[in-house]
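In my numbering, the protein residues as written are 3 to 88.
Beta carbons: idealized from backbone N, C-alpha and C, even for Gly.
Written as structure tokens, this is what we have:
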């Protein structure tokens, strides 16, 4: 299934926000677009999220907003490294 990911590289956009957490959009896409990783829901916001490993070996959480259903369009709100599962 095709997913359109909105990357906003304007000042204050999500590209700048994830960069503040030491991540690149491609690393976020590694987790966000991996169909083998189940979707969970953020305890704080209720937004959909995924936990997974980037191609660079970082274990991250990605939290996004569903913008549109057809075509499926999502806006990554935040992503950051989290401790590895034990």
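Between the C-alpha atoms of residue i and residue j, what's the straight-line distance to the nearest angstrom?
i: residue 44; j: residue 21; result: 21 Å
i: residue 36; j: residue 83; result: 17 Å
i: residue 49; j: residue 85; result: 20 Å
i: residue 72; j: residue 3; result: 11 Å
i: residue 62; j: residue 56; result: 7 Å
i: residue 42; j: residue 79; result: 15 Å
i: residue 74; j: residue 9; result: 14 Å
i: residue 26; j: residue 67; result: 18 Å
If contacts are defined as beta-carbon pairs under 8 Å, then residue i and residue j qualify, I think. What distance do you get, rounded to the angstrom?
i: residue 60; j: residue 29; result: 6 Å
i: residue 69; j: residue 51; result: Their Cβ separation, rounded to whole angstroms, is 16 Å, which puts residue 69 and residue 51 out of contact at 8 Å.
i: residue 54; j: residue 76; result: With a Cβ gap of about 15 Å, residue 54 and residue 76 do not count as contacting.
i: residue 81; j: residue 23; result: 6 Å
What are the start and end residues of the beta strand (DSSP E) that includes residue i?
i: residue 83; result: 75 to 83
Hey, could you find the ends of the alpha helix (DSSP H) residue i is sitting in?
i: residue 23; result: Note, residue 23: premise wrong, no alpha helix (DSSP H); not H, not E.
Starting from the N-terminal side, write out each stretch of the beta strand (DSSP E) that is 3 residues or longer and does not extend beyond the segment 29 to 66. 50 to 55
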